[in-house]
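**Q** Residue numbers (the numbering used here), protein chains in the order written: chain A, 389 to 564; chain B, 389 to 564.
Glycine included, each C-beta is placed from N, C-alpha and C at the ideal position.
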DNA sequence: GGTCCATGTTACCGACGAGTAAGATTACTC
DNA sequence: GAGTAATCTTACTCGTCGGTAACATGGACC
């Protein structure tokens, strides 16, 4: 049910997705949406929150703390790509909204971004590079979803190659 | 005059920026906007087009064809950062809209993105990496604008460091 | 000074869509 | 099977905003 809303939001954006359309797509009637979520903002927030939580959970459980840095990063990247692949609506929304400074979602979203940035900053010891790397991942994921065909591992390797020089030399992973 | 529109669009997004508000901010009346631009879409398109053209021009004229690859890249990055710094509204709009697949702007925007991607692909001989690199630049620029303080050259160097391994060994530039 | 075009303004229309009130329908209890 | 509570729908209100029609103003030219 949130899923229908997510698809509508992802496909048309917040404003062009009407509550009537969402209700119809979800197979229920509009007042039900209001009953459950209070308002359109509420519905959107619920969806964004769920998506964000799902992504974070998926990345966190891939990140086994005891492994060396390069392996942890690789696992995180794969988790991220898998999420983007399997929940393309959620990923689209998160990506699109992650720099929309207006609205009460800003708090939620910038918090998510912040957490990812912190994970990466901790890994790289370089805040600027962490943000650049995050952007590389996002952009690459978008491109990959629009032009599928390459296996996920290969995409992940592109990112790993970018990350290698920034990892402490001791943490480097030899591939191939 | 387009400037007022741009600021409104950048601050509130396309839908929340009302024509009345834009007209007032521009110091003219609403029918004048319609006289010049035909419609809200038209106004938006005009602004996006102008911004895109300005960015491309600025990057292109920094790109002296005869220089080695690393220098050309460096010049392009600086031009890009300068544009983002000086036309933050334009940059915000371009960045936000560059993955909004809906609307007639899609053509314009994906064309711009395509051209940048092609320039980078030509440089790196690797399409996936080119998109990742573009995303890194965008994300880093956003972060930099939100957290100023570091000099532009330092930001550019972060990107250069990412690019180095992907440039042909012959093209590498020794820094510092 | 009258005519006319350019440039602008005020005041309105109509559509669309968020949100709601009041009624229908089902399910559940005694 | 009557009463009733929960669940869901139809049908409406109302504000907002894109777009426009009709009306002002002011200069140019004769």
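Indicate the three-state DSSP secondary structure (helix, strand or coil) for residue 538 of chain B in the structure shown.
**A** The residue you call residue 538 of chain B lines up with position 150 of the second chain. Residue 538 of chain B falls in the coil class under three-state DSSP.
**Q** With respect to the alpha helix (DSSP H) encompassing residue 451 of chain B, which residues constitute its N-terminal and C-terminal limits?
**A** Residue 451 of chain B sits at position 63 when you count from the first residue of the second chain. From DSSP, residue 451 of chain B is part of no alpha helix (DSSP H); its letter is neither H nor E.
**Q** Would you say residue 484 of chain B reaches chain A, if we count a Cβ-Cβ gap shorter than 8 Å as a contact?
**A** Against the second chain, residue 484 of chain B aligns to sequence position 96. So yes, residue 484 of chain B belongs to the interface.
**Q** Can you tell which of B:532, B:407, B:514, B:496 has the C-alpha that lies nearest to the C-alpha of residue 472 of chain B?
**A** Taking the second chain and counting its residues from 1, the one referred to as residue 472 of chain B is at position 84. The candidate whose alpha carbon is nearest that of residue 472 of chain B is B:532.
**Q** Does residue 501 of chain B pass the burial test, meaning 16 or more other C-beta atoms within 10 Å, or should it be called exposed?
**A** Position 113 of the second chain holds residue 501 of chain B. So residue 501 of chain B ends up on the buried side.
**Q** So residue 522 of chain A packs on residue 505 of chain A, CB below 8 Å; how close in whole Å?
**A** Counting from one through the first chain, the residue named residue 522 of chain A turns up at place 134. Counting from one through the first chain, the residue named residue 505 of chain A turns up at place 117. Confirmed, about 6 Å.
**Q** Answer with yes or no whether the minimum CB distance from residue 410 of chain B to chain A is below 8 Å.
**A** Locating residue 410 of chain B in the second chain gives position 22, counting from the first residue. Judged by the 8 Å Cβ criterion, residue 410 of chain B is not in contact with chain A.
**Q** Of all Cβ atoms in chain B, is any one closer than 8 Å to the Cβ of residue 519 of chain A?
**A** The sequence position of residue 519 of chain A within the first chain is 131, counting from 1. Judged by the 8 Å Cβ criterion, residue 519 of chain A is in contact with chain B.
**Q** For the alpha helix (DSSP H) that contains residue 409 of chain B, what are its first and last residues?
**A** One-based indexing of the second chain puts residue 409 of chain B at position 21. Start and end: 407-414.
**Q** Start and end of the alpha helix (DSSP H) containing residue 423 of chain A?
**A** Taking the first chain and counting its residues from 1, the one referred to as residue 423 of chain A is at position 35. 418-425 is the span of the alpha helix (DSSP H), which, as asked, contains residue 423 of chain A.
**Q** How many Å lie between residue 433 of chain A and residue 458 of chain B at the Cα?
**A** The residue labelled residue 433 of chain A in the question sits at position 45 within the first chain. The residue labelled residue 458 of chain B in the question sits at position 70 within the second chain. Spanning the two alpha carbons is a distance of roughly 44 Å.
**Q** Would you give the residue range spanned by the alpha helix (DSSP H) that residue 389 of chain B belongs to?
**A** For the purposes of this step, residue 389 of chain B is taken as the residue at position 1 of the second chain. Where residue 389 of chain B is concerned, there is no enclosing alpha helix (DSSP H), given that its DSSP letter is neither H nor E.
**Q** Take residue 436 of chain A and list the residues in its own chain whose beta-carbon comes closer than 8 Å to its own, dropping the five residues that flank it on each side.
**A** Counting from 1 along the first chain, the entry for residue 436 of chain A is found at position 48. Once the five neighbours on either side are set aside, the close Cβ partners of residue 436 of chain A are 481, 482, 485, 493, 496, 497.
**Q** From the DSSP output, in three-state form, read off residue 555 of chain A for me.
**A** Residue numbering aside, residue 555 of chain A sits at position 167 when the first chain is read from its first letter. In the structure shown, residue 555 of chain A sits in coil (DSSP, three-state: anything other than H, G, I, E or B).
**Q** Relative to the alpha-carbon of residue 524 of chain A, which residue among B:551, B:536, B:540, B:541 has its alpha-carbon at the smallest distance?
**A** By 1-based counting over the first chain, the position of residue 524 of chain A is 136. Closest by alpha carbon: B:551.
**Q** For residue 567 of chain A, collect the residues of the same chain with a Cβ closer than 6 Å to its Cβ; drop the 5 residues on either side in sequence, then sort them by chain order.
**A** Examination of residue 567 of chain A is not possible in this model, given that chain A is present from 389 through 564 alone.
**Q** Excluding the five sequence neighbours on either side, which residues of its own chain have a C-beta within less than 8 Å of the C-beta of residue 470 of chain B, listed in chain order?
**A** As a first step, residue 470 of chain B is located in the second chain; it is residue number 82 there, counting from the start. The residues are 446, 540.
**Q** Whose C-beta lies closer than 8 Å to the C-beta of residue 476 of chain B among residues of the same chain, with five residues either side of it excluded?
**A** Taking the first residue of the second chain as 1, we reach residue 476 of chain B at position 88. Taken in chain order, the residues that qualify are 398, 533.
**Q** Nearest by alpha-carbon distance to residue 465 of chain A: which of A:508, A:420, A:426 is it?
**A** Looking up residue 465 of chain A in the first chain gives position 77. Cα-wise, what sits closest to residue 465 of chain A is A:508.
**Q** Please report the Cβ distance between residue 410 of chain A and residue 516 of chain B, rounded to the nearest whole angstrom; I am assuming they are in contact, meaning their Cβ atoms lie under 8 Å.
**A** Here the question's residue 410 of chain A lines up with position 22 in the first chain. Here the question's residue 516 of chain B lines up with position 128 in the second chain. With a Cβ gap of about 35 Å, residue 410 of chain A and residue 516 of chain B do not count as contacting.
**Q** Cβ of residue 430 of chain A less than 8 Å from any chain B Cβ?
**A** The count along the first chain starts at 1 and reaches residue 430 of chain A at position 42. Not an interface residue.
**Q** Between the C-alpha atoms of residue 428 of chain A and residue 416 of chain B, what's the straight-line distance to the nearest angstrom?
**A** The residue given as residue 428 of chain A occupies position 40 in the first chain. The residue given as residue 416 of chain B occupies position 28 in the second chain. If I take the Cα positions, the gap works out to 34 Å.
**Q** Flag this pair as yes or no: are the beta carbons of residue 549 of chain B and residue 536 of chain A separated by less than 8 Å?
**A** On the second chain, residue 549 of chain B is found 161 positions in, with the first residue counted as 1. On the first chain, residue 536 of chain A is found 148 positions in, with the first residue counted as 1. Their beta carbons are not under 8 Å apart, which means residue 549 of chain B does not touch residue 536 of chain A by this criterion.
**Q** Can the beta-carbon of residue 414 of chain B be found closer than 8 Å to that of residue 389 of chain B?
**A** On the second chain, position 26 is the one that residue 414 of chain B refers to. On the second chain, position 1 is the one that residue 389 of chain B refers to. Contact flag set, yes.
**Q** Excluding the 5 residues flanking residue 440 of chain A on each side, which residues of the same chain have their C-beta closer than 8 Å to its C-beta?
**A** Taking the first residue of the first chain as position 1, residue 440 of chain A is located at position 52. Same-chain partners within the cutoff: 482, 496, 497, 500.
**Q** How many Å lie between residue 468 of chain B and residue 468 of chain A at the Cα?
**A** Counting from one through the second chain, the residue named residue 468 of chain B turns up at place 80. Counting from one through the first chain, the residue named residue 468 of chain A turns up at place 80. Each residue's alpha carbon lies about 28 Å from the other.
**Q** Report the residue ranges of all alpha helix (DSSP H) runs contained in full by the segment 458-525 of chain B; include only those spanning at least 4 residues, in chain order.
**A** DSSP runs (the alpha helix (DSSP H)) wholly in the segment 458-525 of chain B: 476-485, 493-512.
**Q** At a CB-CB cut-off below 9 Å, which residues of chain B make contact with residue 456 of chain A?
**A** Walking along the first chain from the start, residue 456 of chain A turns up at place 68. Per Cβ cutoff of 9 Å: no residues; residue 456 of chain A is ~21 Å from chain B at best.
**Q** Is the beta carbon of residue 520 of chain A less than 8 Å from the beta carbon of residue 547 of chain B?
**A** As a first step, residue 520 of chain A must be located in the first chain, where it is residue number 132. As a first step, residue 547 of chain B must be located in the second chain, where it is residue number 159. In this structure, residue 547 of chain B lies closer than 8 Å to residue 520 of chain A by Cβ.
**Q** What separation, rounded to the nearest whole angstrom, lies between the Cα atoms of residue 443 of chain B and residue 503 of chain B?
**A** Here the question's residue 443 of chain B lines up with position 55 in the second chain. Here the question's residue 503 of chain B lines up with position 115 in the second chain. Between residue 443 of chain B and residue 503 of chain B, the C-alpha separation is close to 12 Å.
**Q** Exposed or buried, what is residue 403 of chain B when buried is set at 16 or more other beta-carbons lying within 10 Å of its beta-carbon?
**A** The residue given as residue 403 of chain B occupies position 15 in the second chain. The residue is exposed, with fewer than 16 neighbouring Cβ atoms inside 10 Å.
**Q** Indicate whether at least one CB of chain A lies closer than 8 Å to the CB of residue 523 of chain B.
**A** Position 135 of the second chain holds residue 523 of chain B. With 8 Å as the cut-off, residue 523 of chain B counts as an interface residue toward chain A.
**Q** Just how far apart, CA to CA, sit residue 563 of chain B and residue 462 of chain B?
**A** For this step, residue 563 of chain B is matched to residue 175 along the second chain. For this step, residue 462 of chain B is matched to residue 74 along the second chain. At residue 563 of chain B the pLDDT is 46, less than 50, meaning the model places this residue with poor confidence; the figure from the coordinates comes in the next sentence. Between residue 563 of chain B and residue 462 of chain B, the C-alpha separation is close to 11 Å.
**Q** Express the C-alpha separation of residue 474 of chain A and residue 418 of chain A in angstroms, rounding to a whole number.
**A** One-based indexing of the first chain puts residue 418 of chain A at position 30. One-based indexing of the first chain puts residue 474 of chain A at position 86. Between residue 418 of chain A and residue 474 of chain A, the C-alpha separation is close to 28 Å.
**Q** Considering only residues of the same chain and omitting the five flanking positions on each side of residue 510 of chain B, which have a CB-CB separation below 6 Å?
**A** Walking along the second chain from the start, residue 510 of chain B turns up at place 122. Once the five neighbours on either side are set aside, residue 510 of chain B has no close Cβ partner at all.
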